[in-house]
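Read top to bottom, the protein sequences are chains U and E.
Numbering of the first sequence is given in UniProt numbering, commencing with residue 1 and proceeding in unit increments.
Numbering of the second sequence is given in UniProt numbering, commencing with residue 1 and proceeding in unit increments.
Number of protein chains: 2
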Amino acid sequence: MNKYTKQTRILTAVDCIIFGFDGTELKLLLIKRAFEPQKGNWSLMGGFVQATENFDEAAKRVLKQLTGLDGVYLEQLYAFGAIDRDPLERTISIAYFALIDIHKYQTQISEEYHAEWMPVKQVPALIFDHPQMIKMAKAKLQYKAALHPILFELLPDKFTLPQLQSLYEGVYDTEFDKRNFSRKVLSTGLLIKQKEKEKASSKKGAFFYKLNKRSYKANFQAFLNIIPNAHKLK
Amino acid sequence: MNKYTKQTRILTAVDCIIFGFDGTELKLLLIKRAFEPQKGNWSLMGGFVQATENFDEAAKRVLKQLTGLDGVYLEQLYAFGAIDRDPLERTISIAYFALIDIHKYQTQISEEYHAEWMPVKQVPALIFDHPQMIKMAKAKLQYKAALHPILFELLPDKFTLPQLQSLYEGVYDTEFDKRNFSRKVLSTGLLIKQKEKEKASSKKGAFFYKLNKRSYKANFQAFLNIIPNAHKLK
DNA sequence: CCAAAAGTGTTGCATTTACACCCATGA
DNA sequence: TCATGGGTGTAAATGCAACACTTTTGG
């Protein structure tokens with residue numbers, strides 16, 4: 001057998017769009033690029049795909065390198081292949097988006113990257129085609145969260161209905177009726193009410209819920225209908 | 001500036017999952033691979049990404065090479081990057097799926113590839129990870145067609161409601177009530193009734209419809225609800 | 001004239017929305 | 001005691017699924 005001798009070989013990277021939710025706002029974890037070109041400018045966390053790893057492994061590695069976290073929700077978003085997207089040498093990028101519980105994130109680990117959580121509504125200027133990647137990731141998150149219970153990945157193990165609602169409201173940049181919201185969410189059977197309340201953010205306190213993981217896995221692919229008028233989404 | 005001297009560069013290909021509909025069955029256009037490894041075995045149409053083109057351009061080129069067609073619906077599916085997916089040398093593949101009007105397809109052009117339309121329900125053994133690509137493409141087609149009017153891409157300019165219904169039934173491998181189906185489809189405002197009838201497949205004849213292209217483009221991203229119980233889809 | 005496919009309407013049920021008041025508690 | 005946020009129920013409208021008969025015409 002011959003090798004494919006005459007073909008072009010291309011640098012291949014992964015980039016991670018990392019979402020977090022701090023209880024109020026949807027955020028993205030961005031870093032300051034550590035090497036040329038564009039050293040010091042804001043960027044998504046990324047890295048070259050090594051000869052020994054596939055894309056998922058590369059993305060997991062890159063994510064762990066920045067956050068210290070394993071077992072995070074990670075999904076391939078899109079392959080970006082513009083010829084000149086990296087001015088130094090052609091580099092294609094397989095973009096992944098990650099949803100992490102922001103509370104599990106340990107600042108120290110990523111100090112060397114000068115990482116910061118930025119509100120998705122106010123992302124700074126970014127290198128290369130990273131703004132396009134973020135735009136696509138936001139669109140996909142909205143699209144997917146309208147149908148699947150994906151947003152639970154952004155919450156801690158225990159969370160309250162008001163917290164969950166404010167997450168949905170953040171993702172869709174709108175407000176929902178809390179009576180309808182709680183009825184819909186509870187009717188999915190995905191939530192288990194706890195006995196304890198979260199007392200920090202109100203006097204009465206709101207009951208904690210946990211995700212029913214069995215049901216979550218079983219129903220992940222089933223279409224939900226939590227977002228009012230989802231069929232009218234752009 | 002330095003180049004990224006120490007990094008691995010990888011062969012990069014595109015592969016096209018090409019769907020067509022012959023009026024009865026959903027089909028895939030497959031070829032017999034023309035070179036080693038696996039020469040002579042069934043395969044998706046593919047090709048290496050050239051230094052001068054991005055992924056979309058490469059996919060368009062590959063598709064045109066096989067079918068002679070331009071302006072076809074083409075969408076990136078997924079990037080496949082397993083280390084050993086090509087046994088000869090690591091080659092990543094950006095898979096695209098295409099929806100073409102099978103009537104526009106000219107057999108002659110692709111004779112050198114020994115291309116054949118195969119029913120999606122009876123695809124032969126295929127090389128590499130192509131079975132996985134096809135599986136994913138079928139799933140995405142079902143997923144997307146439940147929400148967006150994508151299946152019109154598989155039909156000729158003029159088509160009848162019974163034809164359209166049988167296409168949907170083929171994609172979902174099920175049957176729909178024709179009264180509900182026609183009401184739903186017509187209520188989208190996407191169809192323009194023609195004066196002529198298609199007389200070949202019935203005595204009474206069925207009216208032709210054309211797609212309202214303006215409305216199609218405007219509404220493409222809006223969620224539709226043509227499939228009964230779409231929210232219960234697996 | 002009859003077989004075969006096209007075309008069309010209604011009703012009941014389920015889902016979804018809109019909407020307002022009481023509850024618990026810390027300060 | 002009162003201000004703040006949590007929690008709950010109902011009624012009206014809409015959307016959806018189920019269902020059967022008439023029309024056309026080529027053979």
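Glycine included, every Cβ here is placed at the ideal spot set by N, Cα and C.
Contact list for residue i against chain E, beta-carbon separation under 7 Å
i      : result
I92(U) : T12
Q50(U) : T8
Min CB distance residue i to chain U below 8 Å
i              : result
N54(E)         : yes
residue 257(E) : What the structure shows of chain E is the stretch from 1 to 234, and residue 257(E) is not part of that stretch, so it cannot be assessed.
Y78(E)         : yes
Closest Cα partner of residue i within the set the options
i       : options                               : result
F19(E)  : A200(E), P119(E) and P228(E)          : P119(E)
Y209(E) : L63(E), L164(E) and D173(E)           : L164(E)
V171(U) : Q38(U), I226(U) and F48(U)            : I226(U)
L224(E) : E111(E), Q122(E) and T188(E)          : T188(E)
A146(U) : E196(U), D157(U) and Y168(U)          : Y168(U)
S215(E) : A58(E), K197(E) and I192(E)           : I192(E)
K121(E) : K138(E), R179(E) and K158(E)          : K138(E)
S43(E)  : A218(E), H130(E), K213(E) and E75(E)  : H130(E)
P37(E)  : M136(E), D86(E) and G205(E)           : D86(E)
Y73(E)  : L186(E), E196(E), P149(E) and A200(E) : P149(E)
H114(U) : K32(U), A58(U), L141(U) and F181(U)   : K32(U)
D15(E)  : K3(E), Q65(E) and Y4(E)               : Q65(E)
Q106(U) : F97(U), E116(U) and A98(U)            : E116(U)
L29(U)  : Y4(U), F181(U), V123(U) and P162(U)   : V123(U)
K204(E) : K158(E), N54(E), P162(E) and I109(E)  : P162(E)
F220(E) : G47(E), F55(E) and L190(E)            : L190(E)
A222(U) : K158(U), T174(U), E196(U) and K144(U) : K144(U)
L151(E) : L26(E), S182(E) and E175(E)           : L26(E)
K104(E) : E153(E), R179(E), E75(E) and S166(E)  : E153(E)
N180(U) : E75(U), F35(U) and P228(U)            : P228(U)
A82(E)  : G40(E), Q132(E) and N41(E)            : Q132(E)
E198(E) : K184(E), I109(E) and K158(E)          : K158(E)
N212(U) : A200(U), Q194(U), E57(U) and S202(U)  : Q194(U)
Per DSSP, cross-strand counterpart(s) of residue i
i       : result
D15(E)  : G46(E) and A95(E)
Q76(E)  : Y96(E)
A206(U) : E198(U)
I192(U) : K210(U)
I10(U)  : I10(E)
G20(E)  : K27(E)
E116(E) : L30(E)
F159(E) : Y209(E)
Within chain E, the residues that residue i reaches when beta carbons sit closer than 8 Å
i      : result
Y4(U)  : L11, F48, L88, E89 and T91
I83(U) : A51, T52, E53 and N54
Nearest-angstrom Cβ-Cβ length linking residue i and residue j, presumed shorter than 8 Å
i              : j       : result
T8(U)          : I92(E)  : Their Cβ separation, rounded to whole angstroms, is 13 Å, which puts T8(U) and I92(E) out of contact at 8 Å.
I17(U)         : A95(U)  : 6 Å
F207(U)        : T160(U) : 6 Å
L77(E)         : I100(E) : Going by Cβ atoms, the distance from L77(E) to I100(E) rounds to 15 Å, so no, they are not a contact pair.
Y4(E)          : E112(U) : The pair is not a contact, with the Cβ atoms about 20 Å apart (cut-off 8 Å).
residue 235(E) : L186(E) : Because residue 235(E) is not part of the residues shown, which for chain E are 1 to 234, the question remains open.
Residue i: CB within 7 Å of a non-hydrogen atom of the ligand GDP
i       : result
G205(E) : Ligands displayed in this structure: none; no statement on the ligand GDP is therefore possible.
Cutoff 8 Å: residue i Cβ touching any chain E Cβ
i       : result
L233(U) : Caution is warranted here: a pLDDT of 47 is assigned to L233(U), below 50, making its placement in the model unreliable, and no coordinate value can be reported.
M1(U)   : Confidence in M1(U) is poor, its pLDDT being 49 and thus under 50, which makes the residue's placement too unreliable to answer from.
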